[in-house]
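Chemist:
Number of protein chains: 2
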Amino acid sequence: MVNVLVCSAGRRVKVVQYLRQNINKSGGKVITVDCNVNAPALYFGDEFDIIPQIDNEEYLASIIAVCKKYKIKGILSLIDPELEMLAKNKKIFDEIGVTLVLSPLDVIQYCYDKQETYNYLTTLGIPAIPTFSSLKTVTSLIERKELSFPLVVKPGKGSASIGINIVNNKIALKNAFSEGDDLIIQPFYKDLEFGIDVYVDLISGDLVDMFIKEKVKMRSGETDKAISVHNIEIETLVKKFISRTGFVGPIDIDCFKYKGNYYISEINPRFGGGYPHAQEMGCDFMDYINNNLIGKENKPYTNYRYEEDFVMMKYDDVFLYKK
Amino acid sequence: MVNVLVCSAGRRVKVVQYLRQNINKSGGKVITVDCNVNAPALYFGDEFDIIPQIDNEEYLASIIAVCKKYKIKGILSLIDPELEMLAKNKKIFDEIGVTLVLSPLDVIQYCYDKQETYNYLTTLGIPAIPTFSSLKTVTSLIERKELSFPLVVKPGKGSASIGINIVNNKIALKNAFSEGDDLIIQPFYKDLEFGIDVYVDLISGDLVDMFIKEKVKMRSGETDKAISVHNIEIETLVKKFISRTGFVGPIDIDCFKYKGNYYISEINPRFGGGYPHAQEMGCDFMDYINNNLIGKENKPYTNYRYEEDFVMMKYDDVFLYKK
Chain G
0 MVNVLVCSAG RRVKVVQYLR QNINKSGGKV ITVDCNVNAP ALYFGDEFDI
50 IPQIDNEEYL ASIIAVCKKY KIKGILSLID PELEMLAKNK KIFDEIGVTL
100 VLSPLDVIQY CYDKQETYNY LTTLGIPAIP TFSSLKTVTS LIERKELSFP
150 LVVKPGKGSA SIGINIVNNK IALKNAFSEG DDLIIQPFYK DLEFGIDVYV
200 DLISGDLVDM FIKEKVKMRS GETDKAISVH NIEIETLVKK FISRTGFVGP
250 IDIDCFKYKG NYYISEINPR FGGGYPHAQE MGCDFMDYIN NNLIGKENKP
300 YTNYRYEEDF VMMKYDDVFL YKK
Chain P
0 MVNVLVCSAG RRVKVVQYLR QNINKSGGKV ITVDCNVNAP ALYFGDEFDI
50 IPQIDNEEYL ASIIAVCKKY KIKGILSLID PELEMLAKNK KIFDEIGVTL
100 VLSPLDVIQY CYDKQETYNY LTTLGIPAIP TFSSLKTVTS LIERKELSFP
150 LVVKPGKGSA SIGINIVNNK IALKNAFSEG DDLIIQPFYK DLEFGIDVYV
200 DLISGDLVDM FIKEKVKMRS GETDKAISVH NIEIETLVKK FISRTGFVGP
250 IDIDCFKYKG NYYISEINPR FGGGYPHAQE MGCDFMDYIN NNLIGKENKP
300 YTNYRYEEDF VMMKYDDVFL YKK
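So the protein lines, in turn, are chains G and P. Position 308 of the first sequence, counted from 1, bears residue number 307 in numbering that gives the first Met the number 0, the numbering being contiguous throughout. Position 8 of the second sequence, counted from 1, bears residue number 7 in numbering that gives the first Met the number 0, the numbering being contiguous throughout.
1) Identify whether asparagine 2 of chain P lies in helix, strand or coil by the three-state DSSP scheme.
2) Do you know how far the Cα of threonine 122 of chain P is from the Cα of phenylalanine 240 of chain P?
3) Can you tell me which of the three DSSP states threonine 121 of chain G falls into?
4) If we cut at 7 Å on Cβ distances, does tyrosine 69 of chain P have a partner in chain G?
5) Against chain G, which members of the region 1 to 32 of chain P pass a CB distance test of less than 7 Å?
6) Taking just the CA atoms, how far does valine 310 of chain P sit from serine 7 of chain G?
7) Excluding the 5 residues preceding and the 5 following methionine 0 of chain G in the sequence, name in chain order all residues of the same chain whose CB lies nearer than 7 Å to its CB.
8) If we ignore side chains and look at the alpha-carbon of each, how far apart do glutamate 46 of chain P and threonine 138 of chain G end up?
9) Leaving out the 5 sequence neighbours to the left and right, which residues in its chain are closer than 6 Å to asparagine 174 of chain P when beta-carbon positions are compared?
10) At the level of alpha carbons, what is the spacing between isoleucine 250 of chain P and lysine 67 of chain P?
11) Using the Cα positions of valine 3 of chain G and lysine 313 of chain P, report the straight-line distance between them to the nearest angstrom.
12) Is the separation between the beta-carbon of tyrosine 305 of chain G and that of phenylalanine 193 of chain G shorter than 7 Å?
13) Show which residues of chain P have a CB atom less than 7 Å away from the CB atom of asparagine 297 of chain G.
14) CA-CA distance, tyrosine 188 of chain P and tyrosine 257 of chain P?
15) Using the Cβ count rule (16 or more neighbours within 10 Å means buried), how would you classify glutamate 81 of chain P?
16) According to the neighbour-count rule (16 or more other Cβ atoms, all chains shown, within 10 Å of its Cβ), is glutamate 213 of chain P buried or exposed?
17) Go through its chain and collect everything with a Cβ distance to aspartate 155 of chain P's Cβ below 6 Å, but skip five positions before and after it.
18) Taking DSSP as the reference, what is the three-state secondary structure of glutamate 306 of chain G?
19) Please compile the residues from chain P whose C-beta is within a distance smaller than 8 Å of the C-beta of histidine 276 of chain G.
20) Please list, in chain order, all residues of the same chain as glutamate 265 of chain P whose beta carbon is under 6 Å from its beta carbon, the five residues on each side excluded.
21) What runs of the alpha helix (DSSP H), each 4 residues or longer, lie entirely inside the region 62 to 131 of chain G?
22) Contact criterion: CB-CB distance below 7 Å. Does glutamate 279 of chain G meet it with respect to chain P?
23) In chain order, what residues of the same chain lie with their CB nearer than 6 Å to the CB of leucine 140 of chain G, ignoring the 5 residues before and after it?
24) When we look at the beta-carbon of valine 12 of chain P and count the other beta-carbons within 10 Å, is it buried (16 or more) or exposed?
25) Are there 16 or more other CB atoms within 10 angstroms of the CB of asparagine 167 of chain P, so buried, or fewer, so exposed?
26) Could you tell me whether any Cβ in chain P is nearer than 7 Å to the Cβ of phenylalanine 246 of chain G?
27) Between the alpha carbons of glycine 96 of chain P and isoleucine 71 of chain P, how many angstroms are there, rounded?
28) If we cut at 7 Å on Cβ distances, does proline 186 of chain G have a partner in chain P?
29) Please state whether the Cβ-Cβ distance between asparagine 297 of chain P and aspartate 196 of chain P is less than 7 Å.
30) Would you verify that the beta carbon of aspartate 308 of chain G is, or is not, closer than 7 Å to some beta carbon of chain P?
31) Please confirm whether tyrosine 261 of chain P and glutamate 232 of chain P have their CB atoms less than 7 Å apart.
32) Just tell me which of P/Ala86, P/Ala38 and P/Lys89 has its CA closest to the CA of aspartate 48 of chain P.
33) Runs of 3 residues minimum, wholly inside the region 131 to 184 of chain G: which ones carry the beta strand (DSSP E) assignment?
34) Please report the residue range of the beta strand (DSSP E) in which lysine 57 of chain P lies.
35) Consider the Cβ of lysine 322 of chain G: report whether some Cβ of chain P lies at a distance smaller than 7 Å.
36) Report yes if the C-beta distance between leucine 134 of chain G and phenylalanine 176 of chain G is below 7 Å; otherwise report no.
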């Protein structure tokens with residue numbers, strides 16, 4: 000029996016629901032916190048608290064107080080800035096017996112900066128989308144015909160599809176890119192796009208499960224529709240990636256197929272927005288979390304645990320509360 | 000017992016669910032159609048069919064065939080271009096005994112063009128957001144101090160928040176506005192924003208119900224959070240609007256408060272995206288529709304049928320199907 004805390008629950012109602020279904024079975028509780036009383040997922044846990052924002056100096060003390068109040072055994076977070084904040088303070092949580100269901104700080108830090116992600120993956124021998132921060136480098140690569148238009152100019156940090164510019168010639172590139180604005184340049188390597196939900200055991204560090212989906216329709220950077228697929232190249236790529244890095248817990252990987260090759264484009268060291276697809280098809284990461292929190296290792300990955308060709312569609316549901 | 004057809008069901012799962020709950024009670028069925036097999040709401044009716052797109056020449060014949068196949072009594076549509084298409088062919092539907100749960104063509108046509116909406120409302124003596132299609136007119140109004148910055152430049156047609164430019168001076172205005180692009184200019188009349196779900200009886204033409212919500216947070220033009228309110232000025236404005244126009248069935252009205260006054264900014268002659276708020280709080284438009292389709296008039300509006308201060312939040316749910 001464990002109690003689990005979900006931080007920055009936000010709009011991630013499904014994740015809270017799935018976790019609660021699992022944790023409640025053995026008598027545990029899911030506690031949700033958020034700084035915003037209008038976060039719908041708050042209201043889907045067993046209990047909730049409103050806490051200060053991450054940048055508030057009271058934030059950490061509040062989380063610790065919540066952990067003590069509800070005898071929390073494990074913490075999950077659903078937004079990026081908080082992952083780093085929690086990982087930085089791992090020692091404090093260790094001392095009060097709270098497990099962070101989260102990768103260590105050193106690998107988390109590679110995830111938020113696309114240039115860093117590329118450099119890191121390349122060093123490890125993992126194919127990644129070529130990423131450049133210098134216009135001069137890009138221009139000379141174009142001249143040497145080692146890079147060609149269209150190119151993508153986008154913020155080096157940040158998620159979703161905000162601020163993405165696709166450029167088709169040198170003038171457009173020069174207009175879109177300005178040094179110092181923390182922009183990066185990438186080739187347009189996207190024939191197909193995939194998302195992979197991965198769980199790595201917190202105790203053994205072994206890969207436990209993966210769920211591969213092809214993303215079909217995007218709406219403001221979020222996947223609207225996706226299809227479950229089996230894909231040996233992606234499976235091999237993910238296995239290699241996990242064996243060479245220290246990521247643990249739930250991870251969401253974005254991957255592009257381009258001219259027959261696969262490239263990792265993004266790593267989110269947390270549950271991705273498309274995770275419900277995996278869960279609905281039987282990849283129960285919540286059970287892996289529960290096992291790990293009661294000190295039990297999960298069986299290492301052997302094969303796909305889901306069927307191909309299932310389409311997931313998102314739609315709006317609503318929740319009401321009295322002010 | 001009536002069977003109802005929902006056209007262009009799209010992502011509007013809640014509307015289909017609410018309608019089905021009501022229609023099934025008396026033994027009727029809800030049939031959904033869409034041109035896209037990936038439209039999640041398709042799968043929440045009793046039966047569904049895939050039909051051609053609205054601009055396909057087979058479209059109308061398909062709808063009629065679906066009506067005959069399922070002995071349809073009433074048709075609802077959830078997207079704008081289709082409303083006009085259906086209303087234009089009212090006679091054909093009349094002949095086969097199918098009621099369009101929809102306003103007549105002459106009033107629908109005022110809704111999609113913001114300049115037309117403004118002209119129409121002004122003629123009727125209903126306060127609307129001043130709307131201009133000529134830069135010259137706007138410039139001279141600014142010079143005469145009858146209009147002031149900030150101004151909003153946006154497409155005269157279309158919905159959501161796509162292509163909206165807020166300008167603060169003449170140069171920015173001139174850059175944002177180009178004649179012939181079907182843009183309009185409006186003052187920035189938005190201290191508060193409200194959405195009103197209205198039902199007007201299909202038989203008597205009388206106002207039956209209204210639900211007023213203040214919109215709190217917008218995300219790509221859609222309301223994420225809203226609070227139910229009672230507001231006598233808006234109530235009076237809506238009563239006046241309905242009594243002076245020929246709208247019937249479900250209508251969604253957008254309204255801005257600015258310096259203490261209320262202005263209608265948009266009329267959607269269909270269920271609005273925020274309708275679930277009204278339904279969840281007891282304003283059961285599905286029951287009004289069912290009554291009308293069995294030939295029964297609904298009682299005219301007397302007072303609010305909902306409580307104030309209830310917050311509605313949207314969140315993503317998911318649905319799976321095998322390809």
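Here a beta-carbon is modelled for each residue, glycine too, at the ideal position from N, C-alpha and C. Small disclaimer: the values here were computed from a predicted structure and weren't measured.
Modeler: Well, looking at it:
1) In the second sequence, residue 2 of chain P corresponds to position 3, counting from 1. Assignment of asparagine 2 of chain P by DSSP, reduced to helix, strand and coil, places it in the strand class.
2) Taking the first residue of the second sequence as 1, we reach residue 240 of chain P at position 241. Taking the first residue of the second sequence as 1, we reach residue 122 of chain P at position 123. Straight through space, the alpha carbons of threonine 122 of chain P and phenylalanine 240 of chain P are spaced by roughly 12 Å.
3) For this step, residue 121 of chain G is matched to residue 122 along the first sequence. When DSSP states are grouped into helix, strand and coil, threonine 121 of chain G belongs to the helix group.
4) For the purposes of this step, residue 69 of chain P is taken as the residue at position 70 of the second sequence. The beta-carbon of tyrosine 69 of chain P is placed no less than 7 Å from the nearest beta-carbon of chain G.
5) Residues passing the 7 Å Cβ filter: Arg10, Val12 and Lys13.
6) Counting from 1 along the first sequence, the entry for residue 7 of chain G is found at position 8. Counting from 1 along the second sequence, the entry for residue 310 of chain P is found at position 311. Cα to Cα, serine 7 of chain G sits roughly 19 Å from valine 310 of chain P.
7) In the first sequence, the residue the question calls residue 0 of chain G occupies position 1. Shown here for methionine 0 of chain G: same chain residues with a beta carbon closer than 7 Å to its own, the five before and five after excluded, namely Ser25, Gly26 and Gly27 in chain order.
8) What you label residue 46 of chain P is simply residue 47 of the second sequence in a count that begins at 1. What you label residue 138 of chain G is simply residue 139 of the first sequence in a count that begins at 1. Threonine 138 of chain G has its alpha-carbon roughly 57 Å from the corresponding atom of glutamate 46 of chain P.
9) Stepping through the second sequence from its first residue, residue 174 of chain P is reached at position 175. Here the set comprises nothing.
10) Numbered from 1 along the second sequence, position 251 holds the residue referred to as residue 250 of chain P. Numbered from 1 along the second sequence, position 68 holds the residue referred to as residue 67 of chain P. Rounded to whole angstroms, isoleucine 250 of chain P and lysine 67 of chain P show a C-alpha spacing of 27 Å.
11) Your numbering for residue 3 of chain G matches position 4 in the first sequence. Your numbering for residue 313 of chain P matches position 314 in the second sequence. Their Cα atoms are separated by approximately 24 Å.
12) Locating residue 305 of chain G in the first sequence gives position 306, counting from the first residue. Locating residue 193 of chain G in the first sequence gives position 194, counting from the first residue. Judged by their CB atoms, tyrosine 305 of chain G and phenylalanine 193 of chain G are not nearer to each other than the 7 Å cut-off.
13) Working through the first sequence from its first residue, we reach residue 297 of chain G at position 298. Neighbours of asparagine 297 of chain G in chain P, taken as residues at a C-beta separation under 7 Å, are lacking, since the least C-beta distance is about 24 Å.
14) Within the second sequence, the letter at position 189 stands for residue 188 of chain P. Within the second sequence, the letter at position 258 stands for residue 257 of chain P. The alpha-carbon atoms of tyrosine 188 of chain P and tyrosine 257 of chain P are separated by roughly 5 Å.
15) Here the question's residue 81 of chain P lines up with position 82 in the second sequence. Glutamate 81 of chain P sits buried, since 16 or more C-beta atoms from the chains shown fall within 10 Å of its C-beta.
16) Here residue 213 of chain P refers to the residue found at position 214 when the second sequence is read from its first residue. With a threshold of 16 other beta carbon atoms within 10 Å, glutamate 213 of chain P meets it and is buried.
17) Here residue 155 of chain P corresponds to residue number 156 of the second sequence, with the count starting at 1. Aspartate is not the amino acid found at residue 155 of chain P; the sequence shown has glycine there. Only Asp112, Lys113, Gln114, Asp181 and Ile183 meet the Cβ criterion.
18) Looking up residue 306 of chain G in the first sequence gives position 307. Residue state, collapsed to three classes: coil.
19) As a position in the first sequence, residue 276 of chain G is number 277, starting the count at 1. Val317 and Leu319, listed in chain order.
20) Taking the first residue of the second sequence as 1, we reach residue 265 of chain P at position 266. For glutamate 265 of chain P, where only same-chain residues beyond five positions count, the Cβ hits under 6 Å are Asp253.
21) Runs of the alpha helix (DSSP H) spanning 4 or more residues and lying entirely within the region 62 to 131 of chain G occur at 79 to 87, 89 to 94, 104 to 107 and 113 to 122, in chain order.
22) Here residue 279 of chain G corresponds to residue number 280 of the first sequence, with the count starting at 1. Output row for glutamate 279 of chain G: interface = yes.
23) Position 141 of the first sequence, counted from the start, is the residue given in the question as residue 140 of chain G. Same-chain partners within the cutoff: Leu146.
24) Counted from its first residue, the second sequence places residue 12 of chain P at position 13. Burial call: buried.
25) As a first step, residue 167 of chain P must be located in the second sequence, where it is residue number 168. The residue is exposed, with fewer than 16 neighbouring Cβ atoms inside 10 Å.
26) Translated into the one-based positions of the first sequence, residue 246 of chain G becomes position 247. No - not a single Cβ of chain P is within 7 Å of the one on phenylalanine 246 of chain G.
27) The count along the second sequence starts at 1 and reaches residue 96 of chain P at position 97. The count along the second sequence starts at 1 and reaches residue 71 of chain P at position 72. In a straight line, the C-alpha of glycine 96 of chain P is about 8 Å away from that of isoleucine 71 of chain P.
28) Numbered from its first residue, the first sequence carries residue 186 of chain G at position 187. Not an interface residue.
29) Indexing the second sequence from 1 puts residue 297 of chain P at position 298. Indexing the second sequence from 1 puts residue 196 of chain P at position 197. No, the pair does not count as a contact, with Cβ atoms beyond the cut-off.
30) For this step, residue 308 of chain G is matched to residue 309 along the first sequence. Yes, aspartate 308 of chain G counts as interfacial toward chain P.
31) Numbered from its first residue, the second sequence carries residue 261 of chain P at position 262. Numbered from its first residue, the second sequence carries residue 232 of chain P at position 233. Yes, these two residues count as a Cβ contact at 7 Å.
32) Looking up residue 48 of chain P in the second sequence gives position 49. Closest by alpha carbon: P/Ala38.
33) Taking only runs of at least 3 residues, the beta strand (DSSP E) segments lying wholly in the region 131 to 184 of chain G are 150 to 154 and 164 to 166.
34) By 1-based counting over the second sequence, the position of residue 57 of chain P is 58. The residue asked about is misnamed: residue 57 of chain P is glutamate in this sequence, not lysine. Note, glutamate 57 of chain P: premise wrong, no beta strand (DSSP E); not H, not E.
35) As a first step, residue 322 of chain G must be located in the first sequence, where it is residue number 323. The Cβ of lysine 322 of chain G sits closer than 7 Å to at least one Cβ of chain P.
36) As a first step, residue 134 of chain G must be located in the first sequence, where it is residue number 135. As a first step, residue 176 of chain G must be located in the first sequence, where it is residue number 177. Closer than 7 Å, so yes.
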